[in-house]
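For the sequence shown, the numbering used here gives the first residue as 1, with consecutive numbering after it.
Here's the structure, in structure tokens; my notes come after.
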Amino acid sequence: MTVNTKRLHVITWGCQMNVYDSGRMADVLAPLGYAPTELPEGADMVILNTCHIRDKAAEKVFSELGRLRLLKLAREAEGRKMILAVAGCVAQAEGAEILARAPYVDIVLGPQTYHRLPEMVARASRAAGAVIDTEFPAEQKFDFLPDAAAPQGVTAFLTIQEGCDKFCSFCVVPYTRGAEASRPAADVIAEARRMVDLGAREITLLGQNVNAWHGTGADGLAGLVRLLAEIDGLARIRYTTSHPRDMDDALIAAHAEIPALMPFLHLPVQSGSDRILAAMNRKHTADEYRALIGKLRAARPDLALSSDFIVGHPGETEQDFEATMQLIRDIGFAQAFTFKYSPRPGTPAAGAGMQVPEAEKDRRIYAVQALLREQQAAFNAQCVGLTIPVLVTGPGRHAGQIGGRSPWLQPVHAIGPVSLAGQVVEMTVTASHTNSLTAILKQERICA
Ligand code: 5AD
Ligand code: SF4
Numbered sequence: 001m002t003v004n005t006k007r008l009h010v011i012t013w014g015c016q017m018n019v020y021d022s023g024r025m026a027d028v029l030a031p032l033g034y035a036p037t038e039l040p041e042g043a044d045m046v047i048l049n050t051c052h053i054r055d056k057a058a059e060k061v062f063s064e065l066g067r068l069r070l071l072k073l074a075r076e077a078e079g080r081k082m083i084l085a086v087a088g089c090v091a092q093a094e095g096a097e098i099l100a101r102a103p104y105v106d107i108v109l110g111p112q113t114y115h116r117l118p119e120m121v122a123r124a125s126r127a128a129g130a131v132i133d134t135e136f137p138a139e140q141k142f143d144f145l146p147d148a149a150a151p152q153g154v155t156a157f158l159t160i161q162e163g164c165d166k167f168c169s170f171c172v173v174p175y176t177r178g179a180e181a182s183r184p185a186a187d188v189i190a191e192a193r194r195m196v197d198l199g200a201r202e203i204t205l206l207g208q209n210v211n212a213w214h215g216t217g218a219d220g221l222a223g224l225v226r227l228l229a230e231i232d233g234l235a236r237i238r239y240t241t242s243h244p245r246d247m248d249d250a251l252i253a254a255h256a257e258i259p260a261l262m263p264f265l266h267l268p269v270q271s272g273s274d275r276i277l278a279a280m281n282r283k284h285t286a287d288e289y290r291a292l293i294g295k296l297r298a299a300r301p302d303l304a305l306s307s308d309f310i311v312g313h314p315g316e317t318e319q320d321f322e323a324t325m326q327l328i329r330d331i332g333f334a335q336a337f338t339f340k341y342s343p344r345p346g347t348p349a350a351g352a353g354m355q356v357p358e359a360e361k362d363r364r365i366y367a368v369q370a371l372l373r374e375q376q377a378a379f380n381a382q383c384v385g386l387t388i389p390v391l392v393t394g395p396g397r398h399a400g401q402i403g404g405r406s407p408w409l410q411p412v413h414a415i416g417p418v419s420l421a422g423q424v425v426e427m428t429v430t431a432s433h434t435n436s437l438t439a440i441l442k443q444e445r446i447c448a
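Pasting the structure below:
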């Protein structure tokens, strides 16, 4: 991550514990570009690390805050920001009073939450309208996209959302990509139309947290998909990547009601252990994920699922890992991505204790991949004998072959004319492989 150096001034009252904590807070902010400075004047952030033991501790904090407020105002007059944080025991005991009496304070944090400081700083800079070097202001984000859709072929990607407000413990995206921002529906629809004019038949809507889309002109992602489904010539719509917590009933209903919305969903769960899901700050349990999948499958019985899994998140025990394996067995995935946890500077998990040894991560990823490979092979095998609609994308790998995509995102190969590119044709699956299917054109079978 490349960030400009920002100045951090920490005022510490009280015991050795507080002195130690002040050091830790400076440490967790260093990867965000904050370097200590001796004076509050000119600081981008000031932390008051408070102590409750002495008499009138709170009064001292308020008088210091009054002084800092003047610095903050002076800085704002220059068009710059100063994030003001109150930490330590006074914050813990009197957080509400601090915010009531000193509303210009940006962050109040108790001693148990220092590891979340990078998240709080990122949120505070957004709320203040400040720009972290790595973050674009929302309205400018999409200006970087080319005006006219570049031809991408039969299948195209369209970015509709960027950034993330979820702050999963392991993930750097909320810091590097900034706050969630959504493109207006009118822009998305205009770009989709251009893509279709250029030959696209399938569009995959992209975003780090795509199902949190909340742009103007449509009611959530479900509403946007409904509008896109009306575009003539657009046969298929997909979206990725989604967070389970943003999978609302309207979007589930869209899977039941909109034929163009393909029956394949990438919905990362990361872990099957409630303990690890909590440590990851995912804000849902394994059973809530199971229930969500139940609802989705009730809405669209042929829905195939994909997911992301991280093994070896700090604190993951053998029992936690087994819970992930059990979740996979319970749900059954058509495909999935697996990752060994690796620390990203500036994220809460990177500084956490109980890191899992590399050899153990290796063992776990091997086991989880073996199980997922088995499920993928079984999913592909059950397609054999079915006649399915395949979107032909172009020539296949071998002479005389065409390639295409099943509704469930499997690559399909068949003998046939390239002139079919861009059409959805019925094919009968004759063989399955780990990552693809072989098929014959339906008409060919009838003639044979
Ligand atoms: N270590 C391992 N995997 C990670 N991912 C994100 N951050 C990390 C990390 N620090 C994975 C998650 C996410 C996917 C895109 O990358 O599973 O869903
Ligand atoms: Fe956001 Fe996904 Fe990263 Fe979590 S893993 S913080 S939801 S981008």
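Even glycine gets a Cβ: it sits at the ideal position worked out from N, Cα and C.
Could you pull out every residue in the same chain whose Cβ sits closer than 8 Å to the Cβ of Val173, ignoring the five residues on either side in sequence? Within the same chain, Val173 has close Cβ partners Gly163, Cys164 and Gln208.
Cβ contact (3+ pairs, closer than 8 Å) linking the stretch 189-205 and the stretch 115-127: The answer is no - the stretch 115-127 does not touch the stretch 189-205, with fewer than three Cβ pairs under 8 Å.
Mind checking which residues open and close the alpha helix (DSSP H) that includes Phe157? Where Phe157 is concerned, there is no enclosing alpha helix (DSSP H), although the beta strand (DSSP E) around it starts and stops at Thr155 to Thr159.
For Gln401, the residue or residues it bridges with in DSSP: DSSP lists Ile415 as partners of Gln401.
Using 7 Å as the threshold, is the C-beta distance between Ala439 and Val429 below it? Yes.
Nearest-angstrom Cα separation, counted from Glu426 out to Leu441: Between the alpha carbons of Leu441 and Glu426 lies a gap of roughly 6 Å.
Within its chain, find whatever has a CB closer than 6 Å to the CB of Glu316; leave out the 5 residues flanking it on each side and keep chain order. Excluding residues within five positions, the ones whose Cβ falls inside 6 Å are Ile276 and Val356.
Simplified DSSP assignment, three categories, for Pro146: The predicted model places Pro146 with a pLDDT of 43, which falls under 50 and marks its position as unreliable, so this point remains unresolved.
Beta carbon of Arg245, beta carbon of His284: below 7 Å? It is a contact, given that the beta carbons lie within the stated cut-off.
Can you name the start and end residues of the alpha helix (DSSP H) that Leu224 belongs to? Secondary structure note for Leu224: its alpha helix (DSSP H) is the uninterrupted segment Gly220 to Leu228.
N-terminal and C-terminal residue of the beta strand (DSSP E) that Pro36 is part of: Per DSSP, Pro36 belongs to the beta strand (DSSP E) from Tyr34 to Pro36.
Please give the ranges of any beta strand (DSSP E) in the stretch 227-290, keeping only runs that are unbroken, at least 3 residues long and fully inside the region. As far as the stretch 227-290 is concerned, its whole beta strand (DSSP E) runs of at least 3 residues are 236-240 and 264-266.
Regarding Tyr341 and ligand 1, is the C-beta to nearest heavy atom distance less than 6 Å? Checking the Cβ of Tyr341 against ligand 1 gives yes.
Can you tell me where the beta strand (DSSP E) holding Leu109 begins and where it ends? Note, Leu109: beta strand (DSSP E), Ile107 to Leu109.
Report all residues from its chain with a CB closer than 7 Å to the CB of Ala43; omit the five preceding and five following residues, and keep chain order. These residues qualify, in order along the chain: Arg7, Leu8, His9, Thr37 and Met82.
Is Gln410 near Leu391, with beta carbons less than 7 Å apart? Against a cut-off of 7 Å, the Cβ pair of Leu391 and Gln410 comes out as no contact.
By DSSP, does His9 sit in helix, in strand, or in coil? If DSSP states are grouped into helix, strand and coil, His9 belongs with the strands.
For Ala102 and Ala74, the rounded distance between their alpha carbons: The alpha-carbon atoms of Ala74 and Ala102 are separated by roughly 17 Å.
Tell me Asn49's beta-bridge partners as DSSP assigns them. Partner residues in the beta bridge of Asn49, as assigned by DSSP, are Thr12 and Ala87.
Any heavy atom of ligand 2 inside 6 Å of the beta-carbon of Gln208? Under cutoff, so the answer is yes.
How big is the Cα-Cα spacing for Glu139 and Arg183? For Glu139, the pLDDT reaches just 45, beneath the cut-off of 50, and the residue's location in the model is therefore unreliable, leaving the point undetermined.
Do His413 and Gly396 count as a contact pair if the criterion is CB distance below 7 Å? At a Cβ-Cβ threshold of 7 Å, Gly396 and His413 count as neighbours.
Within 6 Å: the Cβ of Pro174 and any heavy atom of ligand 2? Yes, Cβ of Pro174 sits closer than 6 Å to a heavy atom of ligand 2.
May I ask which residues mark the beginning and end of the beta strand (DSSP E) holding Val368? In this chain, Val368 is not harboured by any beta strand (DSSP E); it is covered by the alpha helix (DSSP H) spanning Glu358 to Ala381.
Interface flag, Asp362 vs chain B, CB-CB below 7 Å: Looking for chain B here will not work: only one protein chain is present.
Cβ-heavy atom distance, Lys166 to ligand 2, below 6 Å: For Lys166, the Cβ falls inside the 6 Å cut-off from some heavy atom of ligand 2.
Whole-angstrom C-beta distance between Gly220 and Leu251, which should lie under 8 Å: Sure, about 7 Å apart at Cβ, within 8 Å.
Do you know how far the Cα of Ser63 is from the Cα of Glu78? Computed Cα separation, rounded: 24 Å.
So which of Ile415, Cys383 and Val418 has the shortest CA-CA distance to His433? Checking every option, the nearest Cα to that of His433 belongs to Cys383.
How about Ile160 and Leu205: are their beta carbons less than 7 Å apart? Yes, the Cβ-Cβ distance between Ile160 and Leu205 is below 7 Å.
Can you find a heavy atom of ligand 2 that lies under 6 Å from the Cβ of His243? Flag set: Cβ of His243 near ligand 2.
Curious, which full-length beta strand (DSSP E) runs of at least 3 residues does the stretch 285-362 contain? Entirely contained in the stretch 285-362, the beta strand (DSSP E) runs reaching 3 residues are, in chain order, 304-311 and 335-340.
Answer yes or no: do Ala304 and Ala334 have a C-beta to C-beta separation smaller than 7 Å? Less than 7 Å divides the Cβ of Ala304 from the Cβ of Ala334.
Check whether Ile310 and Phe339 have beta carbons under 7 Å apart: Their beta carbons are under 7 Å apart, which means Ile310 touches Phe339 by this criterion.
Using only alpha-carbon positions, find the residue among Thr113, Glu94, Ala218 and Ala85 that is nearest to Tyr104. Ala85 is the residue among Thr113, Glu94, Ala218 and Ala85 whose C-alpha sits nearest the C-alpha of Tyr104.
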